[in-house]
Structures are given as C-alpha cells and as structure tokens.
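What follows is one structure encoded as structure tokens, with my remarks underneath.
Residue numbers (my numbering): 2 to 248.
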C-alpha cells in the first residue's frame, strides 16, 4: 500500500504533461488478451508452426493463408474484450493534463477505446490495415470481409493482398512513432513502466532516454531494468491503477 501511495503522490506532484507511461502485454492481459511469453502465452500454445515463425514478415509473404489463419484465430480479440482500470485511469490522467503520452507495445487499440488520444503504438495496431499494392486503407471489419476462399484478405480495388499495420518479426519499428515516443519520454519527470519484461529491443531501450526525476515499474515479475527504478511494484497493473486517485 505504501508503494502505491508513493506512486500516487509522484503523479499528483508532477506538473502538466510531465508523466509518461510505457506499457507492454501485461497491461492488456487483465482485459483477457493473452501475452506472448508467459506459460499461457501465444508462444507456448500448440500450433502447426511456431508462432514466432508465423508472425514474421517472410512467413507472411510466403504463406499468407497460414498466417491469416493464425492471425484471425489467435491475435484478434473478440467483442467481449474491454479496457481495464489501467486503460481507463490513463485516459483520465491525460484528460486532466498530467499525461504526456502512452507508449505501448500492444496492438489491440484498448488505450484509444478507453479514451486516450496521445498513444504511440510501437508495434502498430490490428485496427489499421492496408493494401500492399495500392495502399488503400482498411479497418478491422473491412479486413475480415475482404477474405477470399483461402481466408486471405484481398483489396476490392486492385486485388492486392492486404496487410495488418502491425510490426512483424524482421520488420523495423516506425521511425516516426519512435521519435514521438522518445520526445514524450525525454520531456517527462515521471516515467511509469508497466506490464513489460523490458527484454525486447529496441522498445526496451527507450528507458535510457528518460532523464527525469522518478521511474516506477509495475510488473508481477522482476525486470532486467529494475535497478534503474526508484520504485518497483510487484502487482498486476490494473490492480495498482484502480487504487490511484488523481488531483
């Protein structure tokens, strides 16, 4: 309880736009979305091919039918998935002017669903899709409706294959999003890191850009960068945020 009170005090003491949030899969697991590396995560589920292989750029190009079978089966949440207290409290924190941005490794769009507007999606979003030939944009429902007899979405205008606007293995992060995330981090006095093991680079390296007063890490398990933190809270992210009260 004292740790959460300390975090709450740091947030309330922070100036306008001086808090930045950096989150990983653990922010969304409490909404019912599986992570990748835990015992029940995507990487430990039985499938025809290793999930790490399926969600690579080369596999997507060479075997789009199998890619999309996995993608629609395992990576698209159903309509019952809703923002949890962490998403909602972050949106509230932005609304009162404290939060300078949410930097997320997640692709589910739950931060926007909760009301956040300054969201820097390092790995893209399942909600955005595009034709690889003519670049026509498609939302998620349009992507589903565009599937051919093999289950591969095709462009209604040119017939090109559609691709989710998510960063697959072998693909670089969007440099523009990275620059915006770095700007938000360098301007903050308080950085809250939550639901991430901080082992996936280059995203994990964003911590090095923080030069402010306090780093707080909220994660059930220890992370590689706990030594850099002024405060470590070993709890679920949503449970912690549900106890915060902003002034």
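Yeah, the Cβ is synthetic: ideal placement off N, Cα and C, and Gly gets one too.
Quantities reported herein were computed from a predicted structural model and do not represent experimental measurements.
query = DSSP state of residue 149, grouped into three classes?
reply = coil
inquiry  = For a test of the three-state rule: what should DSSP assign to residue 129, helix, strand or coil?
reply    = strand
key: Start and end residues, beta strand (DSSP E) containing residue 195   = 191 to 195
key: residue 279 versus residue 68 - alpha carbon distance   = Only positions 2 to 248 of the chain appear in this structure, which leaves residue 279 out of reach.
Cβ distance (whole Å) where residue 193 is taken to contact residue 22 below 8 Å = 5 Å
key: Buried/exposed call for residue 31, threshold 16 Cβ in 10 Å   = buried
Beta-carbon gap between residue 19 and residue 101 smaller than 8 Å = yes
Proximity below 8 Å, CB of residue 166 to CB of residue 221 = no
query = According to DSSP, is residue 78 helix, strand or coil?
reply = coil
inquiry  = Please report the distance separating the alpha-carbon of residue 112 from that of residue 133.
reply    = 27 Å
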